[in-house]
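Chemist:
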Amino acid sequence: MDFEIRYKDAMARIGTFETPHGTVTTPNLMPVVHPGKQTLDVKQFGAEIVITNSYIIYKNEHLKEKALKDGVHSLIDFPGTIETDSGSFQLSVYGDIDINNEEVIKFQEAIGTDIGTSLDIPTAPYVKREEAEEDLKITIERAEEASKVRKKLLLNSVVQGSTYPDLREYCAKEISKYDADIYPIGAVVPLMEMYRYADLVDAVMYSMRGLPENKPRHLMGAGHPMVFALAVAMGCDLFDSAAYILYANKDRFMMPDGTLKLENLIEMPCSCRVCTEHTPDQLRQMPQEQRAKLIAEHNLHISFAEIRRIRQAIVDGELMKLVETRCRSHPFLLDGLRRLQEYTDDMEKLNPSSKKSAFFYTGYESLSRSEVQRHKEKLENITPKNKNLIILPSTSKPYSKHANKEYIKKYTPKIPTFYSKTTNTDYTESDIVIADIPFGIIPLGLDEFYPLAQNESPTNTDENSKKYIQQAINEYSQKYENILIHRKVVGKYDLTDYKLIEEELKLPEAKVTDFDRLKTIADYQFGKGSGDALFGDNPEKIKIEKSKKTGKIRHVYQDDDIIVNMRANDGFLILSDLGAIRLHKHLPSPNLRVVVSEDSEPYALKGKSVFNKFVIDCDEKIRRNDEVLIVNKDDKLLACGKSLLSSYEIKDFNTGQAIKTRKIKKLTG
Ligand code: GUN
Ligand code: ZN
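Going by this note's numbering, the sequence shown opens with residue 10, and the numbers climb by one from there.
#1: So, with DSSP's three-state summary, where would you put tyrosine 657?
#2: For ligand 3, I want to know if proline 131 counts as a neighbour, meaning its beta carbon is within less than 7 Å of at least one of the ligand's heavy atoms.
#3: In angstroms with no decimal places, state the Cα-to-Cα distance between arginine 282 and alanine 238.
#4: So what does valine 168 bridge to, in DSSP terms?
#5: With a cut-off of 8 Å, do at least 3 Cβ pairs link the stretch 170-183 to the stretch 140-152?
#6: For histidine 679, count neighbouring Cβ atoms within 10 angstroms of its own Cβ and tell me buried if that reaches 16, exposed if not.
#7: Consult DSSP for threonine 126 and reduce its assignment to one of helix, strand or coil.
#8: Going straight from the alpha carbon of arginine 205 to that of tyrosine 253, what length do you get?
#9: In the DSSP assignment, find the unbroken alpha helix (DSSP H) run with leucine 527 in it and report its ends.
#10: Taking all protein chains shown into account, decide if isoleucine 501 is buried (16 or more other Cβ within 10 angstroms of its Cβ) or exposed.
#11: May I ask whether a heavy atom of ligand 1 can be found less than 7 Å away from the beta carbon of aspartate 94?
#12: Give me the residue from Leu84, Asp523 and Gly31 with the minimum Cα distance to isoleucine 58.
#13: What are the boundary residues of the beta strand (DSSP E) that includes alanine 212?
#14: So what's arginine 317 in DSSP terms, helix, strand or just coil?
#15: Alpha carbon to alpha carbon, how far is proline 361 from histidine 227? Give it in angstroms, no decimals.
#16: Tell me whether isoleucine 659 is buried or exposed, calling it buried when 16 or more other Cβ atoms sit within 10 Å of its Cβ.
#17: Taking aspartate 266 as the reference, give the member of Pro234, Asp354, Lys488 and Met329 with the closest Cα.
#18: In the structure shown, what three-state DSSP assignment does glycine 345 receive?
#19: Which whole-angstrom value is the C-beta distance of asparagine 634 and serine 466, which I expect to be below 8 Å?
#20: Measuring from the CB of threonine 670, is there a heavy atom of ligand 1 at a distance below 7 Å?
#21: Which stretch, first to last residue, makes up the alpha helix (DSSP H) that contains isoleucine 590?
#22: List in chain order: all unbroken alpha helix (DSSP H) runs of 4+ residues lying wholly within the stretch 353-399.
#23: May I ask you to check if the CB of histidine 3 is nearer than 7 Å to at least one heavy atom of ligand 2?
#24: Using beta-carbon positions only, say whether leucine 592 and leucine 638 come within less than 8 Å of one another.
#25: With DSSP as the reference, identify every bridge partner of serine 652, one or two as the case may be.
#26: My output table needs one value for alanine 542: the three-state DSSP class, helix, strand or coil.
#27: Opposite proline 452 in the DSSP bridges: which residues?
#28: For serine 439, count neighbouring Cβ atoms within 10 angstroms of its own Cβ and tell me buried if that reaches 16, exposed if not.
#29: Starting from histidine 564, follow its DSSP beta bridges and name the residues at the other end.
#30: Name the two residues that bound the continuous alpha helix (DSSP H) containing methionine 263.
#31: Tell me the DSSP secondary structure of isoleucine 114 in three-state form.
#32: Do glycine 598 and aspartate 644 have their CB atoms nearer than 8 Å?
#33: Please state if the CB of valine 168 and the CB of arginine 159 are separated by a distance shorter than 8 Å.
Quick look at the structure:
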């Protein structure tokens with residue numbers, strides 16, 4: 010089964026896969042349909058895929074006979090994709106069931122399920138390690154057996170390992186060898202019931218470390234919309250919910266930020282059909298069964314609405330804002346979010362380098378988003394030009410338009426404005442940076458680059474942010490001899506080691522030339538020295554064309570040849586022929602490289618998209634939306650382009666596009 014990624018944000022994927030009964034888009038919710046007593050018609054809610062239980066069908070003579078004769082689609086009256094569970098859950102509740110792994114796979118195949126599940130052992134959380142290991146051994150053996158027994162059936166292979174993160178990762182790696190189609194993460198229901206969201210995050214994130222990127226993952230038994238955003242951001246693609254019924258039976262309304270009890274309602278909580286056509290009193294007076302059906306309808310409506318909301322957030326590149334917002338609805342979910350801060354590196358590996366929306370700071374947890382970490386790493390690419398550093402406070406953006414006017418021109422020697430540790434007074438030759446939340450230090454030349462130009466944070470600074478900025482300033486200052494810091498920075502972030510300078514200072518203009526801007530961006534985006542390699546050291550030798558409308562750089566030429574273009578929405582440099590040739594010469598392999606097989610060389614040369622299956626190797630640092638160099642195995646430059654995936658995805662996928670290619674007309678220059 011081929012899974013194709015269309016949009017990405019954090020570890021989340023909007024993707025599609027095909028089954029014999031249609032296309033499924035992820036992330037998605039599979040309503041649980043009871044094969045014998047379903048009352049709601051889930052088709053009406055837009056369900057593309059449902060889950061039902063093959064063991065319940067197997068155990069009931071009447072259902073079994075009908076399923077074997079007419080198929081499961083007819084049995085539950087659902088024409089779309091059907092996934093079936095195997096009875097593992099019953100096994101975990103009753104301790105024993107009367108069907109074995111091979112039989113349950115064959116039975117699922119026989120009733121025409123699209124996606125079947127092997128008989129994994131859902132080991133409870135917090136059991137002894139030996140027990141978890143013993144169960145795991147069986148789960149892995151059964152995964153292997155299932156892969157041999159199934160014929161056309163698409164296969165679920167479940168990650169177990171209880172609350173031992175290393176066992177989760179081990180299990181994920183082992184079962185991945187048997188080429189299943191979907192990888193569910195199992196035995197997490199008890200964690201969610203106990204509100205142990207931090208442990209849930211560990212179980213999921215360690216499972217992810219062992220799972221391939223090219224298959225959908227299903228968080229088994231997760232049915233409350235409150236956890237969807239968090240789970241999707243961790244890379245979960247599918248959810249299943251019996252919760253919409255179970256909650257309804259207890260008169261509970263699910264909401265994306267929690268649960269409401271009918272007994273407390275004076276107003277209906279949403280604008281779905283049920284909530285607009287009934288009052289709480291009317292519902293309370295209804296017979297229980299009739300009421301439960303209506304509340305289930307609301308619950309399903311809210312759950313699908315949350316899935317749609319999450320998809321929109323992925324496309325817009327603001328999923329983490331949604332996650333941080335949702336996780337504030339319960340302190341234990343906030344524990345989950347805070348645990349997720351330990352996985353910034355994992356998230357960074359799969360997070361696109363540029364997004365549509367601005368970075369909105371929602372609280373100190375935002376400082377752990379991978380954009381912030383990535384900026385810190387990329388800053389290392391920038392070599393100081395001077396011995397002196399001037400640190401200015403934030404202004405309106407872009408900083409370079411406002412900083413001079415607000416802070417340097419206004420400077421009068423009579424009113425001391427700057428602090429320093431040294432007694433130097435001549436700062437005419439200085440590097441100028443801005444200190445701001447959430448990115449810490451921002452060189453002026455990067456003030457139009459994503460996400461440094463596209464972010465907002467509150468002016469009222471919290472203690473964590475202060476500490477974070479203090480550290481960022483300390484680290485960045487290491488490279489300089491003299492550091493001059495504006496009064497507002499010292500005050501706002503409680504910097505203590507700096508003394509007010511009473512002497513008159515010689516200050517430069519807080520401005521950046523187009524040439525310096527280009528070189529700073531090139532170093533930051535591509536790596537140390539790339540600015541020199543692309544643009545040389547003589548501003549006279551290149552020609553810069555700007556947009557008449559925005560005044561921003563659009564094209565950079567050497568004579569008549571374009572070196573780079575600048576992408577308007579994120580300020581990224583887009584390589585043209587000359588740029589690609591120069592960077593290829595300057596940066597040694599594997600930097601920026603996507604190595605393609607011999608068969609696909611002619612296609613790359615013609616500027617055709619590079620497909621994942623033709624990529625032999627690629628630079629680990631490549632992320633979605635990055636510029637890349639397409640080369641053959643001898644590092645001969647063939648073309649350049651924009652990556653559609655992260656290096657980790659390119660390596661795991663054997664289908665779909667990896668690179669949107671641009672032809673290079675002349676391969677010398
Ligand atoms: N439903 C909820 N949890 C699980 C699990 O761990 N395994 C299976 N097969 N089904 C589940
Ligand atoms: Zn409603």
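Even glycine gets a Cβ: it sits at the ideal position worked out from N, Cα and C.
Since the structure is predicted, the reported quantities are computational estimates derived from the model, not experimental observations.
Modeler: For this structure:
#1: In the sequence shown, the residue the question calls residue 657 occupies position 648. DSSP places tyrosine 657 in helix when its eight states are reduced to three.
#2: By its list of ligands, the structure shown excludes ligand 3, since it contains just ligand 1 and ligand 2.
#3: As a working mapping, residue 282 is identified with position 273 in the sequence shown. As a working mapping, residue 238 is identified with position 229 in the sequence shown. Arginine 282 and alanine 238: Cα-Cα distance of roughly 24 Å.
#4: Translated into the one-based positions of the sequence shown, residue 168 becomes position 159. For valine 168, which the question treats as bridged, DSSP gives the partners Ile194.
#5: With a cut-off of 8 Å on Cβ pairs, the stretch 170-183 is in contact with the stretch 140-152, counting three or more such pairs.
#6: What is shown of the chain runs 10 to 678, which leaves residue 679 out entirely.
#7: Here residue 126 corresponds to residue number 117 of the sequence shown, with the count starting at 1. Three-state result, threonine 126: strand.
#8: The count along the sequence shown starts at 1 and reaches residue 205 at position 196. The count along the sequence shown starts at 1 and reaches residue 253 at position 244. Between arginine 205 and tyrosine 253, the C-alpha separation is close to 21 Å.
#9: On the sequence shown, residue 527 is found 518 positions in, with the first residue counted as 1. Where leucine 527 is concerned, the enclosing alpha helix (DSSP H) stretches over 523-535.
#10: Counting from 1 along the sequence shown, the entry for residue 501 is found at position 492. It is lysine, not isoleucine, that sits at residue 501 in the sequence shown. A residue is called buried once 16 or more other Cβ atoms fall within 10 Å of its Cβ, and lysine 501 is buried on that count.
#11: Position 85 of the sequence shown holds residue 94. Yes, since a heavy atom of ligand 1 falls inside the 7 Å radius drawn around the Cβ of aspartate 94.
#12: The count along the sequence shown starts at 1 and reaches residue 58 at position 49. When each option's Cα is compared against that of isoleucine 58, the closest is Gly31.
#13: As a working mapping, residue 212 is identified with position 203 in the sequence shown. That residue, alanine 212, is in no beta strand (DSSP E); its alpha helix (DSSP H) goes 206-219.
#14: As a first step, residue 317 is located in the sequence shown; it is residue number 308 there, counting from the start. In the three-state scheme derived from DSSP, where H, G and I count as helix and E and B as strand, arginine 317 is classed as helix.
#15: Position 218 of the sequence shown holds residue 227. Position 352 of the sequence shown holds residue 361. For histidine 227 and proline 361, the distance between alpha carbons rounds to 22 Å.
#16: Here residue 659 corresponds to residue number 650 of the sequence shown, with the count starting at 1. Classification of isoleucine 659: buried, given that the 10 Å Cβ count is 16 or more.
#17: Sequence index remark: in the sequence shown, residue 266 carries index 257 (1-based). It is Pro234 whose Cα lies nearest to the Cα of aspartate 266.
#18: Mapped onto the sequence shown, residue 345 falls at position 336. Reduced to three states, the DSSP call for glycine 345 is helix.
#19: By 1-based counting over the sequence shown, the position of residue 634 is 625. By 1-based counting over the sequence shown, the position of residue 466 is 457. With a contact defined as Cβ atoms closer than 8 Å, asparagine 634 and serine 466 miss out at about 23 Å.
#20: Working through the sequence shown from its first residue, we reach residue 670 at position 661. No, since every heavy atom of ligand 1 falls outside the 7 Å radius drawn around the Cβ of threonine 670.
#21: Sequence index remark: in the sequence shown, residue 590 carries index 581 (1-based). Looking at the DSSP string, the run of the alpha helix (DSSP H) that includes isoleucine 590 is 586-595.
#22: 353-359 and 379-388
#23: Residue 3 cannot be examined here, being either before or after the span of the chain that is shown, 10 to 678.
#24: Sequence index remark: in the sequence shown, residue 592 carries index 583 (1-based). Sequence index remark: in the sequence shown, residue 638 carries index 629 (1-based). Result yes, Cβ atoms of leucine 592 and leucine 638 sit closer than 8 Å.
#25: Sequence index remark: in the sequence shown, residue 652 carries index 643 (1-based). In the DSSP assignment, serine 652 is bridged to Ile668.
#26: Here residue 542 corresponds to residue number 533 of the sequence shown, with the count starting at 1. It is helical.
#27: On the sequence shown, position 443 is the one that residue 452 refers to. Beta-bridge pairing links proline 452 to Val442.
#28: Position 430 of the sequence shown, counting from 1, holds the residue named residue 439. Buried, since its Cβ has 16 or more Cβ neighbours within 10 Å.
#29: The residue you call residue 564 lines up with position 555 of the sequence shown. The partner list for histidine 564 (beta bridge, DSSP) reads Glu554 and Asn574.
#30: As a position in the sequence shown, residue 263 is number 254, starting the count at 1. Taken as a continuous stretch (DSSP letters only), methionine 263 belongs to no alpha helix (DSSP H), being part of the beta strand (DSSP E) at 261-264.
#31: On the sequence shown, residue 114 is found 105 positions in, with the first residue counted as 1. Three-state result, isoleucine 114: helix.
#32: As a working mapping, residue 598 is identified with position 589 in the sequence shown. As a working mapping, residue 644 is identified with position 635 in the sequence shown. The sequence shown places serine at residue 598, rather than the glycine named in the question. Yes, these two residues count as a Cβ contact at 8 Å.
#33: Counting from 1 along the sequence shown, the entry for residue 159 is found at position 150. Counting from 1 along the sequence shown, the entry for residue 168 is found at position 159. No, they are not a contact pair.
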